[in-house]
Amino acid sequence: MKALFDKFLAVDEWVFYFIIIGIAVLVYLFFNWLAFEVRKRLLKKMPSRWLEILLNKRVGRRALLLIPTGVADHYAYLLGEYTVQVRHLLHLWYILLVILILFSVINAIIDIWESSEALNRRPVKGYLQIIKIVIAIWGLVVAAGLLTGQSPWSILTGLSALTAILMLVFRDTILSFVVNIQITSYDLLEKGDWIEVPDFGADGTVADIALHTVKILNSDNSVSIIPTYKLMEVGYKNWRRMSELGARRIMRSVIIDSTSVKIADENLIQTLKNNEITKDFAEEFISNETLSEMKSGEITNLLFFRKYLQWYLKQHQRIRNDLVQVVRLLQSNEAGLPLEVYAFSSETQTLKFEELQSEITEHIVALISLFGLRLFQKSNLEG
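Here the sequence shown stands for residues 10 to 392, numbered as in this note's numbering.
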């Protein structure tokens, strides 16, 4: 066998070397085709999202490239005086291949994580991107050591002298990494959260949390990309608690014309008792004690209206009775007396919530005249 091998060497080492490389490439192509066929059969028999992601990220294809690379490295001695240079190039290719394989594995982990409903709300992408950066730096250091003939540790020691420069270059990365740790440790932000970031004009759902950026799909169908570390710097409002609690705050006010506020009388009581909408309230609220207070001038039509709105909120099926409900007067101004409804709706979805808010406001506007009150409305004076 050795004699036959020497006979081939006598022809031309370079030609023989490339013949061997060609055979190795053919072997790679064969295994690549075989892996493709096996993948198709596996996915047909055992459909698996994880397996599909691993295969789509070309982990196996890149790993198979190690076969021709290993053959080329093993037989590099055939190139005589060029052996060292070729092996250096091959070792650099080895480093690049390992980095690419590890990147593919990390990308597959990210996709698997994000495809899981139980896991994808937790932002793990930033940590894995940090690992990718560390792997890339490790590859550069090893490659530099290979080219300069120094050990990687010697190069790292030399780099320590450039700490200040490295801190400046990687400032955003370091800040983003720290913020990612805070976000995960304190559960400050998850994919799917509705947040508002006024400084960036962002108001929408978090679509992605990466190392350097947070992607937000705004309610107007635009997209906001915000540096991760800026979120903690400028602050943001997260509405997740509202969704978890199933309660969204209603805080609407109307301005009462102060000249329409009067002491309640018998006519008002009869009006309320005869009206289909307010008669149940009137029977429940108006007692002998109330009548005596009314006669002494202690009860106004505005107080009746406030009590009615509180009663109305308690009867409403979509208002949370276990949370705060207040109908209150705010500080008066030149326009009149602001009357505010403060309560919590069980509707958290925006369209249904806005519909409920409008319904309550319309009810107030429609019934206010029944209590002898008027809304403030600025007159449009002409010429």
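Just so you know, even glycine gets a beta-carbon here, dropped at the ideal spot from N, CA and C.
- In this structure, the alpha-carbon of Asp82 lies about 15 Å from that of Val107.
- Only residues of its own chain outside the window of five on either side were considered, and among them Ile328, Gln334 and Ala352 have a CB closer than 6 Å to the CB of Leu322, listed in chain order.
- Judged by pairs of C-beta atoms under 8 Å, the segment 255–273 touches the segment 378–386, as three or more such pairs exist.
- A distance below 7 Å separates the beta carbons of Tyr37 and Ile76.
- The Cβ atoms of Arg71 and Ile30 lie no closer than 7 Å to each other.
- In this structure, Leu101 sits near Ala152, with a CB-CB distance shorter than 7 Å.
- Its Cα nearest to that of Thr78, the residue Val95 stands out among Val68, Leu220, Val95 and Gly345.
- At a cut-off of 4 residues, the continuous stretches assigned as alpha helix (DSSP H) that sit fully inside the segment 148–215 are 161–169, 172–178 and 180–194.
- Short of 6 Å from the beta carbon of Met241, and not among the five residues preceding or following it, lie these beta carbons of its own chain, in chain order: Val188.
- One alpha carbon belongs to Ile139, the other to Leu220, and they sit about 7 Å apart.
- In the DSSP annotation of this structure, the continuous segment of the beta strand (DSSP E) that includes Lys224 starts and ends at Thr222 to Asn227.
- Excluding the 5 residues flanking it on each side, Phe362 has same chain C-beta neighbours closer than 7 Å at Arg257, Ser354 and Glu356, in chain order.
- Between Ala44 and Gly69, the gap from beta carbon to beta carbon is short of 7 Å.
- For Lys288, the secondary structure class from DSSP, reduced to helix, strand or coil, is helix.
- Exclusion of the five residues before and after Arg67 leaves Ser113 as the residues of its chain whose Cβ lies within less than 7 Å of its Cβ.
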